[in-house]
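Novice:
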Amino acid sequence: MATPLCDCAYCLVLVLVAFACLLHHGAAEKSQPPAGEAEILLKIKRAWGDPPALAAWNTASSATGSHCHWPYVGCDAAGRVTSLTLVSTNVTGRIPDAVGSLSRLIHLDISNNGITGAFPTMLYHCRSLRYLNLSTNYISGELPGDIGHGLGANLSTLDFSTNEFNGTIPTSMSRLRNLKYLDLVDNNVTGNIPTELGDLTSLETLWLANNPFDAGELPTSFKNLNNLVSLWADGCNLVGDFPSYMVKMPKSLEFLYLSNNSLTGTIPPDIWGLRKLQVLFIYKNNLTGNVVVDGFAAMNLTMIDVSENRLTGVIPEIFGHLENLTLLSLFSNNLSGEIPESIGRLPSLKILRLSNNKLTGMLPLELGKHSLGLSDVQANDNELTGGIPEGLCAGGQLLRLIASSNHLNGTIPLGLANCATLQKLNLRGNKLSGEMP
């Protein structure tokens, strides 16, 4: 008769064997791609009418794991589909319900296609989703009120731009606290811009441009967006004074677009204190007052466009020290005084637009000699005097010179007459003399 000690040893061996079998079974399961992933992809293909771009998705190549090698598909180590990147593949129709069965989907990009229908709520089943790009399609209707609850908490990129969405922005979107990129540009979204968007403190990019929002101010809660790099709110029916809290935006702000609105008041002087600011577009508003640049620190600016406002005073001389500046657009204001000579020495300048102001003095004599990429100079309808700078086409890039309706005198420089790239020249309404070279 076996002793109790032997019985225990025997039982221990059985337990260890069983545990080893379980481990082996689990490893085998993990090494095998889950059944059905290929079939889900084939369902998606059929729902879209078997588009040519997905011809390689077929039963002949649907052996275990082979779907991970199909074009536009990415998988994890276990063979589960984690990404579908179907950009510009000419797929049309609604997003198939089968997409919601891809439970491990992290990245979905169906941009620039012919997708129609309403927002695909079946994506609520894709709880691992981090990147969703549905831009440049024909998706319509209102964004679901529960979108912030339905989409996974891990979502970091949401691009719905250039579609046909209408209705308001759901306040529940503020629950997507890991969102870094939100793009709703070029839709038909109405209502107010929700104050709750200021709760998305991880946002780095917030693009809302070209939507028919109700007239209103940019929410003051946006001052809480401490990681914001780019804000694009052109054509959003913004009213009221230029948001003064913008000067308190995070030092990370690089791109600020508030053009084509109805903003009033002055440009806050401290806006020029944002050290990382690269682009400032606030054209086509109703801004007034002088361009005051006290405490200027935005030396990384590459583009400034404050045209089509009612600004007065002189052009700040500091603009002529911005070595990375490629665009300076100040036209259709009430600016006066002379053009700073330093503007003519900007090494990166490509476009200079100063038309329809009350500027006096001369065009900078060195204009073009240091800016070898200079392609567009517009200074018409001012009160400029003196001659045309000799070096405007020194870099061989000049396409357009419009300086009509001034008091320019002297002759047309030989360098300008021989400019092979020049496409448009308008100097009428001046006091030029001599023969055309």
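Each residue of the sequence shown is one higher than the one before, starting from 1 at the first, in the UniProt record's numbering. Beta carbons are placed, not taken as given, at the ideal position from N, Cα and C, and that holds for glycine.
Alpha carbon to alpha carbon, what distance is there between Asn-187 and Gly-240?
Specialist: In the sequence shown, residue 240 corresponds to position 240, counting from 1. In the sequence shown, residue 187 corresponds to position 187, counting from 1. In a straight line, the C-alpha of Gly-240 is about 23 Å away from that of Asn-187.
Novice: Since Thr-82 contacts Ile-106 with CB under 8 Å, what's their CB separation in whole angstroms?
Specialist: Here residue 82 corresponds to residue number 82 of the sequence shown, with the count starting at 1. Here residue 106 corresponds to residue number 106 of the sequence shown, with the count starting at 1. 5 Å between Cβ atoms; contact.
Novice: Is the CB-CB distance between Gly-344 and Pro-364 below 8 Å?
Specialist: One-based indexing of the sequence shown puts residue 344 at position 344. One-based indexing of the sequence shown puts residue 364 at position 364. A contact, by the Cβ cut-off of 8 Å.
Novice: What is the DSSP secondary structure of Ile-351, reduced to helix, strand or coil?
Specialist: As a working note, residue 351 is residue 351 in the sequence shown. It is a strand residue.
Novice: Asn-211 to Asn-418, Cα distance in whole Å?
Specialist: For the purposes of this step, residue 211 is identified with residue 211 of the sequence shown, where counting begins at 1. For the purposes of this step, residue 418 is identified with residue 418 of the sequence shown, where counting begins at 1. Straight-line Cα distance between these residues: approximately 46 Å.
Novice: Buried or exposed for Arg-177, going by 16 or more other Cβ atoms inside 10 Å?
Specialist: Counted from its first residue, the sequence shown places residue 177 at position 177. Exposed, by the Cβ-count rule.
Novice: With a threshold of 6 Å on Cβ separation, who are the neighbours of Tyr-131 within its own chain once the five nearest residues in sequence on each side are excluded?
Specialist: Here residue 131 refers to the residue found at position 131 of the sequence shown. Once the five neighbours on either side are set aside, the close Cβ partners of Tyr-131 are His-107, Thr-157.
Novice: Could you tell me the alpha carbon to alpha carbon distance between Asp-146 and Ile-267, rounded to whole angstroms?
Specialist: Walking along the sequence shown from the start, residue 146 turns up at place 146. Walking along the sequence shown from the start, residue 267 turns up at place 267. About 38 Å.
Novice: Taking the alpha helix (DSSP H) that Lys-43 belongs to, which residues open and close that run?
Specialist: Position 43 of the sequence shown holds residue 43. Note, Lys-43: alpha helix (DSSP H), 37–47.
Novice: So, with DSSP's three-state summary, where would you put Asp-381?
Specialist: Start at 1 with the first residue of the sequence shown, and residue 381 comes out as number 381. DSSP places Asp-381 in coil when its eight states are reduced to three.
Novice: What first and last residue would you give for the alpha helix (DSSP H) that runs through His-149?
Specialist: Start at 1 with the first residue of the sequence shown, and residue 149 comes out as number 149. Per DSSP, His-149 belongs to the alpha helix (DSSP H) from 147–150.
Novice: Measure the C-alpha to C-alpha separation of Thr-190 and Leu-425 and round it to an integer number of angstroms.
Specialist: The sequence position of residue 190 within the sequence shown is 190, counting from 1. The sequence position of residue 425 within the sequence shown is 425, counting from 1. Using only the alpha carbons, I get a separation of about 43 Å.
Novice: At 4 residues or longer, what runs of the alpha helix (DSSP H) sit wholly inside the segment 382–429?
Specialist: The segment 382–429 contains these whole alpha helix (DSSP H) runs: 414–417.
Novice: Does Ala-379 pass the burial test, meaning 16 or more other C-beta atoms within 10 Å, or should it be called exposed?
Specialist: One-based indexing of the sequence shown puts residue 379 at position 379. With 16 or more other Cβ atoms within 10 Å, it is buried.
Novice: Using a 10 Å radius around the Cβ and a threshold of 16 neighbouring Cβ atoms, would you call residue 446 buried or exposed?
Specialist: Not covered by the structure: residue 446. The range shown for the chain is 1 to 437.
Novice: Just to confirm the assignment, what range does the beta strand (DSSP E) spanning Ile-106 have?
Specialist: Within the sequence shown, the letter at position 106 stands for residue 106. First-last for Ile-106: undefined, no H or E at that position.
Novice: Could you tell me the distance, in whole angstroms, from the CA atom of Pro-71 to the CA atom of Leu-123?
Specialist: Here residue 71 refers to the residue found at position 71 of the sequence shown. Here residue 123 refers to the residue found at position 123 of the sequence shown. Distance between the alpha carbons of Pro-71 and Leu-123 is about 21 Å.
Novice: Within this structure, are the beta carbons of residue 450 and Thr-302 separated by less than 8 Å?
Specialist: The displayed coordinates of the chain run from 1 to 437. Any statement about residue 450 would go beyond what the structure contains.
Novice: Between which two residues does the beta strand (DSSP E) holding Lys-369 run?
Specialist: Stepping through the sequence shown from its first residue, residue 369 is reached at position 369. Segment: none, Lys-369 is in no beta strand (DSSP E) and carries neither H nor E.
Novice: Give the secondary structure of Asn-178 by DSSP, where H, G and I count as helix, E and B as strand, and everything else as coil.
Specialist: Position 178 of the sequence shown, counted from the start, is the residue given in the question as residue 178. In this structure, Asn-178 counts as coil in the three-state DSSP scheme.
Novice: With respect to the beta strand (DSSP E) encompassing Phe-255, which residues constitute its N-terminal and C-terminal limits?
Specialist: Numbered from 1 along the sequence shown, position 255 holds the residue referred to as residue 255. First-last of the beta strand (DSSP E) with Phe-255: 255–257.
Novice: Please work out which residues of its chain come closer than 7 Å, Cβ to Cβ, to Gly-26, disregarding the five sequence neighbours upstream and downstream, and give them in chain order.
Specialist: The residue you call residue 26 lines up with position 26 of the sequence shown. Confidence is the limiting factor: at Gly-26 the pLDDT is only 43, short of 50, which leaves the residue's position unreliable, though a coordinate-based value still follows. Excluding residues within five positions, none has a Cβ falling inside 7 Å.
Novice: Just checking my contact of Leu-354 with Ile-339 at CB under 8 Å: how many whole Å lie between their CB atoms?
Specialist: As a position in the sequence shown, residue 354 is number 354, starting the count at 1. As a position in the sequence shown, residue 339 is number 339, starting the count at 1. Going by Cβ atoms, the distance from Leu-354 to Ile-339 rounds to 7 Å, so yes, they are a contact pair.
Novice: Contact check, Leu-206 vs Leu-182 under 8 Å by CB: the rounded distance?
Specialist: If you number the sequence shown from 1, residue 206 lands on position 206. If you number the sequence shown from 1, residue 182 lands on position 182. Contact holds; Cβ gap of about 5 Å.
Novice: Here's the rule: buried if 16 or more other CB atoms are within 10 angstroms of the residue's CB, otherwise exposed. What is Pro-33?
Specialist: Here residue 33 refers to the residue found at position 33 of the sequence shown. Bear in mind that the predicted position of Pro-33 carries a pLDDT of just 48, short of 50, making it too unreliable to give a figure here.
Novice: Taking the continuous beta strand (DSSP E) assigned at Gly-265, which residues delimit it?
Specialist: For the purposes of this step, residue 265 is identified with residue 265 of the sequence shown, where counting begins at 1. Unbroken run through Gly-265: none, as it is neither H nor E.
Novice: Less than 8 Å between the beta carbons of Ser-202 and Leu-179, yes or no?
Specialist: For the purposes of this step, residue 202 is taken as residue 202 along the sequence shown, with counting starting at 1. For the purposes of this step, residue 179 is taken as residue 179 along the sequence shown, with counting starting at 1. The answer is yes: Cβ separation under 8 Å.
Novice: Quick check on Glu-37: buried or exposed, where buried means 16 or more other Cβ atoms within 10 Å of its Cβ?
Specialist: The residue you call residue 37 lines up with position 37 of the sequence shown. So Glu-37 counts as buried.
Novice: Quick one: using the 10 Å Cβ neighbour count with 16 as the cut-off for buried, is Thr-162 buried or exposed?
Specialist: Here residue 162 is taken as the residue at index 162 of the sequence shown, counted from 1. Its Cβ being crowded by 16 or more others within 10 Å, Thr-162 is buried.
Novice: What number of angstroms, rounded off, separates the C-alpha of Asp-305 from the C-alpha of Ser-140?
Specialist: Reading the sequence shown from its first residue, position 305 is the one you call residue 305. Reading the sequence shown from its first residue, position 140 is the one you call residue 140. Using only the alpha carbons, I get a separation of about 33 Å.
Novice: Excluding the five sequence neighbours on either side, which residues of its own chain have a C-beta within less than 6 Å of the C-beta of Thr-89, listed in chain order?
Specialist: Residue numbering aside, residue 89 sits at position 89 when the sequence shown is read from its first letter. Ala-53.
Novice: So what's Gly-198 in DSSP terms, helix, strand or just coil?
Specialist: Indexing the sequence shown from 1 puts residue 198 at position 198. Reduced to three states, the DSSP call for Gly-198 is helix.
Novice: How is the beta strand (DSSP E) around Asn-300 delimited, first residue to last?
Specialist: Walking along the sequence shown from the start, residue 300 turns up at place 300. Where Asn-300 is concerned, there is no enclosing beta strand (DSSP E), given that its DSSP letter is neither H nor E.
Novice: Gly-337 by DSSP, collapsed to three states: which one?
Specialist: Indexing the sequence shown from 1 puts residue 337 at position 337. Gly-337 falls in the strand class under three-state DSSP.
Novice: Candidates Pro-170, Asn-300, His-370: which alpha carbon is nearest Leu-346's?
Specialist: The residue labelled residue 346 in the question sits at position 346 within the sequence shown. When each option's Cα is compared against that of Leu-346, the closest is His-370.
Novice: Going by C-alpha distance, which of Leu-287, Phe-255, Met-249 is nearest Ser-262?
Specialist: Here residue 262 corresponds to residue number 262 of the sequence shown, with the count starting at 1. Out of Leu-287, Phe-255, Met-249, Leu-287 has the C-alpha closest to the C-alpha of Ser-262.
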